[in-house]
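Here you go:
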């Protein structure tokens, strides 16, 4: 019995190691950039962010709760003003018309939700430009 | 809890309906009394509060709706015994260290636990009405398609109840019907007790996030191997249906 159980553990650790690379093989920065360009071109009044660890939109409900309360967010759009894509790890924050997002507030809200914001995207002269968030030490 | 809020000041609540049926009385690996059954119907109320993503408090409170078992009466017949009422509660303080990577997220966990005796006296005991202390360790990760969870827990009891060690491995595949999140899992538990009892249970589970706040879970586990350290029931199945809320 212990042999069976040990084998199961070894198989499982094999599974872990085979998926031990940093990331989903189907998603890379190129895929994320293309999705970001499409989103920015199609949607007005948004802030588009790449959030590390966003692999399950239900688990990331905290992002909706925390970000949806920020004063510049239009919570009437999407769900609580936030749309999330677990595949590309992009979150789209709906902004009130003519209002600019505060990156520091966004960053702190996402950290409080348990995730790590990496960068925000804009289009400048037809090209995608990334704006990295300042590193903030998370509590865990 | 099948889903614990990761965000600061997050709450979760889960109600689980559990039904167990065991077909025979076993001693060691042998069937001592074939056809001596046990049927147990339980409700579990569980809750969690997350201070921040590294610290939580959880509670588990079971309630025995009805438990019935057949034991030998030493005259060649069956003695039927019953139990019902509140069971022993479990309080825990899960501490987690999360990691967020590109396309992958997970955590390492350490969990001190306390068993609080609340069960009453009946003709037999589903819960032993004993204090206990425990430690849990865990490692899990998920991508947008896969989930892996592993855990070990160690329980120490004071009096008659034997100490228990439990090891679990769960593998899940995620899919997204009708814009919602779902996961199908294969779960395996191995239980070892100080009195020589060994039990390997495994089976499928289906987890569905109906919306951001509500999830349901259906789980079936079968006894693939059981060795009883003392005369007790085995060769059975358990089915759990749960409804959970997070906010």
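Protein chains in written order, with our numbering: chain A, 94 to 233; chain C, 9 to 255.
Beta carbons are placed, not taken as given, at the ideal position from N, Cα and C, and that holds for glycine.
If you check the beta carbons only, do residue 174 (chain A) and residue 207 (chain A) fall under 8 Å apart?
In the first chain, residue 174 (chain A) corresponds to position 81, counting from 1. In the first chain, residue 207 (chain A) corresponds to position 114, counting from 1. It is not a contact, given that the beta carbons lie outside the stated cut-off.
According to DSSP, what are the bridge partners of residue 124 (chain C)?
Within the second chain, numbered from 1, the residue matching residue 124 (chain C) stands at position 116. Note: residue 124 (chain C) sits in a beta bridge opposite C:97.
Give a yes or no on whether the minimum CB-CB distance between residue 15 (chain C) and chain A is below 8 Å.
Residue mapping note: residue 15 (chain C) aligns to position 7 of the second chain, counting from 1. Yes, its Cβ sits closer than 8 Å to a Cβ of chain A.
Environment of residue 191 (chain A) [buried if 16+ CB atoms lie within 10 Å]:
Taking the first residue of the first chain as 1, we reach residue 191 (chain A) at position 98. Its Cβ having fewer than 16 others within 10 Å, residue 191 (chain A) is exposed.
C-alpha gap between residue 165 (chain A) and residue 140 (chain A), whole angstroms
Within the first chain, the letter at position 72 stands for residue 165 (chain A). Within the first chain, the letter at position 47 stands for residue 140 (chain A). When rounded, the distance between both Cα atoms is 10 Å.
Could you check what DSSP says for residue 161 (chain A) in three-state terms: helix, strand or coil?
Numbered from its first residue, the first chain carries residue 161 (chain A) at position 68. Helix, per DSSP.
Consult DSSP for residue 135 (chain A) and reduce its assignment to one of helix, strand or coil.
For the purposes of this step, residue 135 (chain A) is taken as the residue at position 42 of the first chain. If DSSP states are grouped into helix, strand and coil, residue 135 (chain A) belongs with the helices.
Just the chain A side, please: which residues come within less than 7 Å of residue 254 (chain C) by C-beta, in chain order?
Taking the second chain and counting its residues from 1, the one referred to as residue 254 (chain C) is at position 246. Simply 154.
Out of C:221, C:20 and C:216, which has the shortest C-alpha to C-alpha gap to residue 227 (chain C)?
Within the second chain, residue 227 (chain C) is the residue found at index 219, counting from 1. Looking at the Cα atoms, C:216 is the closest of the given residues.
Just how far apart, CA to CA, sit residue 46 (chain C) and residue 236 (chain C)?
Counting from one through the second chain, the residue named residue 46 (chain C) turns up at place 38. Counting from one through the second chain, the residue named residue 236 (chain C) turns up at place 228. Computed Cα separation, rounded: 15 Å.
Quick one: give me the first and last residue of the alpha helix (DSSP H) that residue 196 (chain A) is part of.
In the first chain, the residue the question calls residue 196 (chain A) occupies position 103. 196-205 is the extent of the alpha helix (DSSP H) around residue 196 (chain A).
Could you tell me whether any Cβ in chain A is nearer than 8 Å to the Cβ of residue 259 (chain C)?
Because chain C in this structure spans residues 9 to 255, residue 259 (chain C) falls outside the shown range and cannot be described.
The stretch 136-151 of chain A: which residues have C-beta closer than 7 Å to a C-beta of chain C, in chain order?
145, 146, 148, 149, 150 and 151
In this structure, does DSSP put residue 156 (chain A) in helix, strand or coil?
Mapped onto the first chain, residue 156 (chain A) falls at position 63. Reduced to three states, the DSSP call for residue 156 (chain A) is helix.
Buried or exposed by the 16-neighbour rule on C-beta atoms within 10 Å, applied to residue 54 (chain C):
In the second chain, the residue the question calls residue 54 (chain C) occupies position 46. Burial call: buried.
Hey, is residue 182 (chain A)'s beta-carbon within less than 8 Å of any beta-carbon in chain B?
In summary, chain B is missing from the structure at hand, where the protein chains are A and C.
Report the rounded CA-to-CA distance for residue 205 (chain A) versus residue 127 (chain C), giving the unit in angstroms.
Residue mapping note: residue 205 (chain A) aligns to position 112 of the first chain, counting from 1. Residue mapping note: residue 127 (chain C) aligns to position 119 of the second chain, counting from 1. Just so you know, the alpha carbons of residue 205 (chain A) and residue 127 (chain C) end up roughly 39 Å apart.
Opening and closing residue of the beta strand (DSSP E) in which residue 242 (chain C) lies:
Here residue 242 (chain C) refers to the residue found at position 234 of the second chain. 222-254 is the span of the beta strand (DSSP E), which, as asked, contains residue 242 (chain C).
Can you round the beta-carbon distance between residue 250 (chain C) and residue 24 (chain C) to whole angstroms, since I take them to be within the 8 Å contact cut?
Along the second chain, one-based indexing puts residue 250 (chain C) at 242. Along the second chain, one-based indexing puts residue 24 (chain C) at 16. Contact between residue 250 (chain C) and residue 24 (chain C) holds, since their C-beta atoms are separated by about 4 Å, short of 8 Å.
Identify the contact partners of residue 157 (chain A) in chain C, using a Cβ-Cβ distance below 8 Å as the criterion.
Working through the first chain from its first residue, we reach residue 157 (chain A) at position 64. Per Cβ cutoff of 8 Å: 220.
Contacts that residue 120 (chain A) makes with chain C (C-beta to C-beta distance below 7 Å):
The residue labelled residue 120 (chain A) in the question sits at position 27 within the first chain. Per Cβ cutoff of 7 Å: 111.
Taking residue 131 (chain C) and residue 89 (chain C) to be in contact with their CB atoms under 8 Å, please state how far apart those CB atoms are, rounded to whole angstroms.
Here residue 131 (chain C) is taken as the residue at index 123 of the second chain, counted from 1. Here residue 89 (chain C) is taken as the residue at index 81 of the second chain, counted from 1. Residue 131 (chain C) to residue 89 (chain C), Cβ: 4 Å. Contact.
Checking contacts by CB at 8 Å: is residue 172 (chain A) closer than that to chain C?
Taking the first chain and counting its residues from 1, the one referred to as residue 172 (chain A) is at position 79. Chain C, which has a Cβ nearer than 8 Å to the Cβ of residue 172 (chain A), makes this yes.
Enumerate in chain order the residues of its own chain whose CB-to-CB distance from residue 233 (chain C) is below 6 Å, with the five nearest sequence positions on each side excluded.
By one-based count along the second chain, residue 233 (chain C) stands at place 225. Cβ neighbours of residue 233 (chain C) beyond the five flanking positions: 208.
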